[in-house]
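Here's the structure, in C-alpha cells; my notes come after.
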Amino acid sequence: MMHRSRTLALAALALLHAGALHAQKPLNLDLERPGFAYPGTPWGWYTADQDDPSLGHPAQMDSVVRHGGRWSLRVARDSAAGPWFGESWFAGDALAGRRVRLSGWVRTQNVQGGSAALRVDAMDGNYQTLSVDSMPGRALRGTAGWTQLVVETTLGENVRALGVGGQVSGTGTVWFDDLVLEIDGRAVTTEPGPAPPTAAQRAWLRSAAVPFASVEPGGDDADLAAFRSLVGDARVVSLGEGTHGTREFFTLKHRMIESLVRRMGFGVVMLEANQLQAERINRYVLTGQGSAREALSGVFKVLQTDEVLAMVEWARAWNASGRGRVEVVGYDMQDPRLPMDSVLAFLRTADPAFAPEAERAYAAMHTAWLPGPYPVRPDSVVRAWSASADVVRRHVREHAPAYLARGADRARVAWAVQNAEVAFQSASLGDLTPQSVRDSAMAANIAWTLAQRPAGTRAVVWAHNSHVMRGPGWMGTYLDQMLPGQVRVVGFTTAEGAYTAAGNWARDAASRTMGEFPLAPVPPPPGSLAAELYALGAARLLLDLRGAAAGEGAWLAEPRPFLGIGGRVVDYGYYTIPIARLYDAVVYLRTTTASRPMR
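If you're matching positions, the sequence shown starts at 1 in the working numbering and goes up one per residue.
As C-alpha cells, this is what we get:
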C-alpha cells in the first residue's frame with residue numbers, strides 16, 4: 001500500500017517467461033485499446049498522473065492527431081519538472097542475452113528545454129534498473145512531423161525484466177503511436193502465457209481442491225478442517241489477498257481467524273498497518289477503550305471497511321467473554337510521525353541530555369511530513385534522513401540497559417527502541433526504494449512483536465498476496481528465514497466480480513478517492529490457476545500446494561498468472577509467478593464483491 005512516486009508517464013504491462021508460451025494479454029503498443037481504470041489513457045498503460053493527480057492529465061489518448069489507426073498518445077507538458085517515460089514490462093529468464101528492438105512513430109510541437117525519445121530499460125528480477133537506453137543525442141527537439149525512432153540493444157545475462165516506451169522531458173507537446181517491439185527479430189504483440197495443464201494434471205487438481213461451505217464468520221467451522229490441518233503446528237499463518245478491496249477475502253480471513261483462535265490457541269492478529277497507529281486497535285480489543293471505528297480511523301483506507309470492523313469487534317467480544325485473549329496489532333512502517341514523536345517523548349524524561357540531539361536528527365524528516373503523508377523523497381533525501389535516524393536508533397538501543405538500570409519501565413524502553421527502529425525504517429523508504437526494504441522491515445517488526453509475547457504465541461498475518469509469498473525480496477521470504485519451518489502461507493484468488501480500490505493515487509493517502517471497479521479479465525487468463533478452478537464450477541475451494549511441485553502439480557511451479565491487485569484500480573489484475581513455490585495453499589472463490597468502506 002505504500003505510495004511510490006515514480007517518473008513514469010506511459011506504461012503497458014506484460015510478462016515473458018521461458019518454456020512453452022501461449023499468447024495471452026495484448027500489449028497495446030499500437031495504443032488502439034482505451035483503458036477503463038484511468039479513462040483517457042490506453043488500456044494497460046501507466047501514466048504519471050495516476051501517482052500524482054496534481055499533475056493534471058498531461059498524457060491523453062488523441063483521436064485527431066495520429067499516425068495510424070484510431071488513437072495516438074499525446075503528452076502535453078507546460079512544466080519541465082522531471083522526465084516522463086513509458087514502458088511495457090517483460091520478465092523471465094527468456095530475456096537474458098536477447099536482442100531487443102523498439103521502434104515507434106513520434107511527433108513533436110515546440111519541445112523546449114528537453115526532448116522526446118523512445119526508451120528501453122533493462123532490469124533485474126525485482127524490477128531494479130540495470131541499464132537504460134533513451135537515445136542520447138538522437139532524440140527529437142523543437143517541432144517535427146511524424147518521425148520513426150528506433151532503439152536497439154542486447155540484454156545482459158542478469159536481465160529478467162524489460163521496460164519499453166516513450167520519454168519526454170522539458171516542455172511542449174509530443175505524440176507517440178504505433179510502437180513495435182521485436183525480440184530476436186520477432187514482433188511481440190501479446191504477453192506470452194503458459195501451456196495449459198495436461199489431462200492428468202487437471203485430474204490431480206480436481207482431486208486435490210477441497211470445497212468449503214462459507215466465507216461468512218460465525219457458526220460451525222467443521223468445513224475448515226482441511227485448513228486447520230494445513231496449519232498444523234505452525235506458529236505463524238500468513239493470509240494473503242488477491243486485492244486490497246475484496247469483501248469475501250476479508251470475511252473469510254475473519255472466519256479463519258475465529259477458527260484459529262477458538263480451536264488452535266492463536267493469540268495475535270497482525271494487520272498490514274503502521275505499527276504504532278494500530279496500537280489504538282489493540283487497546284480497544286483488550287480494554288474496550290474507545291470504539292472500533294475510532295481505532296480503525298488511523299490505518300490505511302483499504303482496512304477501513306465494514307468487514308475489518310466486524311473482525312475487530314469480534315476480537316473485542318472474544319476478550320470480553322473471558323474465553324480467551326486475542327490481540328490485533330500492526331507491523332508496517334511507512335509513516336514515521338508517531339514513532340518519532342514517541343521516541344522524543346521518551347527521551348525527554350529518560351535521557352534529557354540526548355533529547356535535543358534527537359530532535360535535530362529528526363527535524364528535517366519531521367518538517368517534511370507535517371503537511372501530510374509521503375513527501376517527495378529522492379535518494380539524496382533518503383540518505384540524509386536514514387543517516388540521521390540511525391544516530392537516534394543506535395543511541396536508544398545502546399542505552400536501553402542504562403534506562404532500565406535507572407528504573408525505566410521495561411515496556412516503555414522496549415517500545416522506545418522499537419519506535420526508533422521504525423523511524424529509521426521509514427526514513428529508509430524513498431520514491432525509488434526497492435520493495436525489499438519495506439518487506440524486510442515488516443518481517444522484522446512481526447518478529448519483534450512475537451518476541452514481546454510469551455514463548456509459543458501464535459499469530460495470523462494479514463497482508464496482500466505479494467507480501468506473504470516466499471518470493472525474493474518479499475516479506476514471506478524474510479519471515480521464513482526468521483522462523484524456519486514455522487510459517488504457513490495462503491494466497492487468495494477469485495475469478496469474477498468487483499473490488500474496491502483507489503481511483504487516483506494521490507501522494508496524500510487521505511485524499512485518495514475510493515470506488516468500486518470490475519475485476520478484469522473475466523474469465524481469468526488462460527493457463528492460470530484461477531481459470532482451471534473456474535472450469536471446475538465450484539464456488540469455494542482450498543488447494544494444498546505442499547509437495548505439488550514434485551508431482552502432477554508441477555505445472556503450478558512454473559510461472560503462471562496470479563491475481564495481484566493492490567490499493568489502486570488497474571486494467572489488468574494478474575502478475576506471473578511460480579505459485580506452488582511461493583504458497584503452501586491457495587483459497588479460490590468463484591465470485592466476489594467489493595469491500596464496503598465504513599460509513
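Even glycine gets a Cβ: it sits at the ideal position worked out from N, Cα and C. Predicted model, so just to flag it, every value in this text is computed and none were measured.
Residue i, DSSP secondary structure in three states
| i | result |
| --- | --- |
| PRO336 | coil |
| PRO518 | strand |
| PRO196 | coil |
| GLY104 | strand |
| PHE604 | The structure shown has nothing for residue 604, since the chain only spans 1 to 599. |
| TYR588 | strand |
| SER204 | At residue 204 the sequence reads Trp, which differs from the Ser that was named. Note: TRP204 maps to helix in three-state DSSP. |
| GLN481 | helix |
| TRP45 | strand |
| GLU152 | strand |
| SER259 | helix |
| ASN158 | coil |
| ARG33 | coil |
| ASP409 | coil |
| GLN50 | helix |
| VAL120 | strand |
| ASN28 | coil |
| TRP146 | strand |
| GLN418 | helix |
Buried or exposed by the 16-neighbour rule on C-beta atoms within 10 Å, applied to residue i
| i | result |
| --- | --- |
| THR251 | buried |
| VAL522 | exposed |
| VAL64 | exposed |
| VAL376 | exposed |
| GLU157 | exposed |
| LEU370 | exposed |
| ARG160 | buried |
| ARG107 | buried |
| SER229 | exposed |
| GLU294 | exposed |
| GLY288 | exposed |
Neighbourhood of residue i by C-beta distance below 7 Å, restricted to the same chain and skipping five residues each side
| i | result |
| --- | --- |
| ASP600 | The structure shown does not extend to residue 600, since the chain spans only 1 to 599, so no value can be given for it. |
| LEU21 | Any reading at LEU21 needs caution, since the residue's pLDDT is 36, under 50, leaving its predicted position unreliable; the model's value is listed next. Result list for LEU21: PRO192, GLY193, in chain order. |
| ILE257 | VAL269, MET311, VAL460 |
| ALA520 | ASP571, TYR572, GLY573 |
| VAL210 | ALA226, LEU541, LEU542 |
| MET135 | ALA117, LEU118, LEU149, VAL151 |
| TRP474 | ASP439, SER466, HIS467 |
| TRP385 | ALA364, MET365, ALA427 |
| GLU248 | VAL215, LEU589, THR592, THR593 |
Cα-Cα separation, residue i to residue j
| i | j | result |
| --- | --- | --- |
| TYR572 | THR47 | 15 Å |
| PHE36 | PRO524 | 17 Å |
| ALA580 | PRO559 | 9 Å |
| PHE492 | ARG546 | 16 Å |
| GLY114 | TRP105 | 18 Å |
| LEU483 | LEU296 | 29 Å |
| THR494 | VAL236 | 24 Å |
| ALA122 | VAL132 | 6 Å |
| PRO42 | THR189 | 15 Å |
| VAL587 | THR129 | 34 Å |
| GLY456 | GLY240 | 23 Å |
| LEU149 | VAL174 | 13 Å |
| GLU216 | HIS254 | 8 Å |
| LEU344 | HIS399 | 14 Å |
| GLU357 | ALA443 | 29 Å |
| ASN282 | GLY267 | 12 Å |
| PHE212 | ARG590 | 12 Å |
| ALA23 | TRP45 | Its pLDDT being 45, under 50, ALA23 is placed unreliably by the model, and the measurement read from it follows with that caveat. Going from the Cα of ALA23 to the Cα of TRP45 covers about 19 Å. |
| ALA234 | LEU260 | 11 Å |
| LEU31 | ARG66 | 10 Å |
| ALA144 | GLN109 | 7 Å |
| PHE562 | ALA530 | 7 Å |
| MET264 | THR593 | 30 Å |
| GLU606 | LEU533 | Here the chain has residues from 1 to 599 only, and residue 606 is not among them. |
| VAL487 | PRO434 | 24 Å |
Contact set for residue i: own chain, Cβ-Cβ below 6 Å, skip 5 residues either direction
| i | result |
| --- | --- |
| ALA441 | MET333, GLN425 |
| PRO196 | GLY527 |
| VAL391 | ALA361 |
| THR243 | TYR499, ILE565 |
| LEU479 | ALA443, VAL487 |
Spatial neighbours of residue i in its chain, beta-carbon cut-off 8 Å, leaving aside the 5 residues before and after
| i | result |
| --- | --- |
| ASP62 | TRP71, SER72, LEU73, ARG74, TRP175 |
query = Can you give, in chain order, each stretch of the alpha helix (DSSP H) that sits fully within the region 429-461 and has at least 4 residues?
reply = The qualifying runs are 435-451.
ask   = Taking only runs of the beta strand (DSSP E) that begin and end inside the region 312-396, which ones reach a length of at least 3 residues, in chain order?
value = Entirely contained in the region 312-396, the beta strand (DSSP E) runs reaching 3 residues are, in chain order, 327-332.
query = Quick one: complete beta strand (DSSP E) runs, 3+ long, within the region 547-580?
reply = Whole beta strand (DSSP E) segments, 3+ residues: 560-563, 574-577.
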